[in-house]
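For reference, the structure discussed in these notes is given below.
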Amino acid sequence: MADCFENLEVGAKRAHLLSVAERALPSWGIPRDATLTLLNISENATYRVDDPGSAAPTILRVHRTGYHSRNAVLTELAWMRALREEASVETPRALTARDGELVQSVASPDLAEERFVVMFEFVAGSEPEADALLEPFADLGEIAARMHRHARGWARPACFERLDWSFEGALGMRANWGDWREGPGLDPERRALLQRAVDTVERRLRRFGKDESRFGLIHADLRLANLLIHEGTVRVIDFDDSGVSWFLYDLATALTFMEDRDDLEELIGAWLGGYRREASLSEEEEREIPTFLMLRRLTALAWLGSHRDTELALEQGTPYTDATVGIAETYLSRFG
Numbered sequence: 003m004a005d006c007f008e009n010l011e012v013g014a015k016r017a018h019l020l021s022v023a024e025r026a027l028p029s030w031g032i033p034r035d036a037t038l039t040l041l042n043i044s045e046n047a048t049y050r051v052d053d054p055g056s057a058a059p060t061i062l063r064v065h066r067t068g069y070h071s072r073n074a075v076l077t078e079l080a081w082m083r084a085l086r087e088e089a090s091v092e093t094p095r096a097l098t099a100r101d102g103e104l105v106q107s108v109a110s111p112d113l114a115e116e117r118f119v120v121m122f123e124f125v126a127g128s129e130p131e132a133d134a135l136l137e138p139f140a141d142l143g144e145i146a147a148r149m150h151r152h153a154r155g156w157a158r159p160a161c162f163e164r165l166d167w168s169f170e171g172a173l174g175m176r177a178n179w180g181d182w183r184e185g186p187g188l189d190p191e192r193r194a195l196l197q198r199a200v201d202t203v204e205r206r207l208r209r210f211g212k213d214e215s216r217f218g219l220i221h222a223d224l225r226l227a228n229l230l231i232h233e234g235t236v237r238v239i240d241f242d243d244s245g246v247s248w249f250l251y252d253l254a255t256a257l258t259f260m261e262d263r264d265d266l267e268e269l270i271g272a273w274l275g276g277y278r279r280e281a282s283l284s285e286e287e288e289r290e291i292p293t294f295l296m297l298r299r300l301t302a303l304a305w306l307g308s309h310r311d312t313e314l315a316l317e318q319g320t321p322y323t324d325a326t327v328g329i330a331e332t333y334l335s336r337f338g
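If you're matching positions, the sequence shown starts at 3 in this note's numbering and goes up one per residue.
Given below as structure tokens:
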């Protein structure tokens with residue numbers, strides 16, 4: 003077998019992740035022959051677990067190696083719990099393993115790797131309907147404001163460690179998702195244009211600043227796909243990308259892969275309307291929304307380049323870059 007996970011073919015990668023998930027199950031008292039159904043592969047592999055000996059399914063998350071430390075995962079789980087208990091934000095509950103810990107480690111000597119694994123309660127619900135987005139976007143804005151208010155006052159745990167989604171962590175030398183220049187379908191001319199957009203974003207964000215009123219702990223992937231609605235209750239899932247950034251970056255993440263829609267301004271307006279139910283935004287912050295949209299668009303371009311074998315990257319491909327170039331041209335005509 004290859005000595006590195008990244009050297010494996012796609013099918014072998016999936017088989018390995020399934021093996022890790024199966025070996026993790028006994029840590030929660032679940033037999034290895036329980037039914038595991040793959041739900042998603044992105045930074046992590048997420049499985050639904052159906053145990054014949056349990057009335058309710060659970061969710062098992064197998065972490066990507068090198069993306070988060072144990073402290074970072076514990077911080078994520080601590081914030082999810084605090085939001086649930088202190089801010090009326092419904093989040094999934096992490097389940098304690100038999101050893102009393104929330105995070106387990108599963109070693110794979112054949113690949114010289116060790117992966118963190120976390121088990122969550124199963125959260126019932128469905129994503130908002132795609133043909134009626136204004137009300138769900140208002141919900142996104144309201145929930146984001148509630149989370150931001152909580153983050154400003156939260157007493158962070160001693161283990162606190164999360165991703166940095168400032169300019170450096172998104173597009174700079176410490177970019178979490180890789181180099182945007184490696185995105186699909188880029189040639190020298192397009193890279194030059196996008197570099198101008200990157201430089202403009204950096205300049206404007208430096209001037210915008212990181213005052214605690216506008217910069218702090220955020221979800222960082224607060225899209226409709228990460229809302230589950232069940233019997234009128236809205237639940238927020240998938241805090242894996244949560245980290246420190248500008249609060250308006252949560253608006254930009256809500257619009258990921260949607261920045262070229264004809265109804266973009268209506269969606270932004272709905273999100274802002276929901277946000278204002280819980281918190282205010284200054285005129286300066288609202289003027290900078292296009293910069294945060296550009297920041298997220300380019301950050302997602304980097305993700306597509308560094309995750310080329312994922313279904314999402316294959317689905318988006320060069321057309322995403324084509325649209326990004328057009329968005330950058332519009333942005334530069336206004337701010338460049």
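For glycine and all other residues, C-beta sits at the position ideal for the given N, C-alpha and C.
With respect to Val327, Leu230 sits apart: the two C-beta atoms are not nearer than 7 Å. By the 16-neighbour rule on beta-carbons within 10 angstroms, Val51 is buried. Beta-bridge partners of Gln106 (DSSP): Val119. Where His232 is concerned, the enclosing beta strand (DSSP E) starts and stops at 229 to 232.
Excluding residues up to 5 positions away in sequence, Val105, Phe118 lie with their Cβ nearer than 7 Å to the Cβ of Arg72 in the same chain.
For Thr77, no pairing in a beta bridge is given by DSSP. Short of 8 Å from the beta carbon of Leu76, and not among the five residues preceding or following it, lie these beta carbons of its own chain, in chain order: Leu104, Val105, Pro159, Cys161.
The C-beta distance from Ala330 to Met296 rounds to 7 Å, short enough to meet the 8 Å contact threshold. Under the criterion of beta carbons closer than 8 Å, Leu250 and Glu290 qualify as touching, at roughly 7 Å.
Annotated three-state conformation of Tyr69 is coil, per DSSP. Per DSSP, the unbroken beta strand (DSSP E) holding Gly245 starts and ends at 245 to 248. Under the Cβ criterion (8 Å, minimum of three pairs), the region 276 to 290 does not count as touching the region 12 to 24.
If the five residues before and after Gly185 are omitted, its C-beta is found closer than 7 Å to the C-beta atoms of Leu303, Ala304, Leu306, Gly307, Thr323, all from its own chain and listed in chain order. Under the three-state reduction of DSSP output, Gly218 falls in the strand class.
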